[in-house]
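Right, one structure below, let's go through it.
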Amino acid sequence: MYVVGVATTFNYLLSKTVDSYVDGNWDISIEDPTGLYTYIDNSLVGYVNPTSTTTGSLSYVFTGLVDGVHTIRVSRGTASSHKIIHRQMIVVVAPTPTTAISITL
43 MYVVGVATTF NYLLSKTVDS YVDGNWDISI EDPTGLYTYI DNSLVGYVNP
93 TSTTTGSLSY VFTGLVDGVH TIRVSRGTAS SHKIIHRQMI VVVAPTPTTA
143 ISITL
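In our numbering, the protein residues as written are 43 to 147.
This is the structure we're talking about:
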């Protein structure tokens, strides 16, 4: 669970590969609870290229501005033609001092 307006850095591991990537190959798209979809080119704040012998990683910062479930996608390509590599759903809340939050999984 994440708090509205608080920036959080997410890290994603990239599998070992013989393919060569550059950080510009990776983009992030976000769909907020209202259905607003935003594709963000060159949004990484950290990148380590995977090789045939070592895993890589990428990092991006997310700040949820709306209460609810957000879907974040890591993809390669362009806004009009891309391949989704990873999809993650996160809950963003705006707690008040008098409201307890409980989530049962």
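Each residue gets a CB set at the ideal place from its N, CA and C atoms; glycine is no exception.
{"Query": "Of the choices Thr76, Leu56, Val111 and Leu78, whose alpha-carbon is the least far from that of Ser117?", "Result": "Leu56"}
{"Query": "Would you mind giving the Cβ-Cβ distance between Ser99 and Thr51, rounded to the nearest angstrom? I have them listed as a contact below 8 Å.", "Result": "Actually they do not touch by this definition, with Cβ atoms about 12 Å apart."}
{"Query": "How is Gly67 classed by DSSP in three states: helix, strand or coil?", "Result": "The identity of residue 67 in the sequence shown is Asn, whereas the question assumes Gly. Helix, per DSSP."}
{"Query": "By DSSP, does Leu86 sit in helix, in strand, or in coil?", "Result": "strand"}
{"Query": "Short of 8 Å in beta carbon distance, which residues of its chain neighbour Ser94, apart from the five on each side in sequence? Order them along the chain.", "Result": "Lys58, Thr59 and Val60"}
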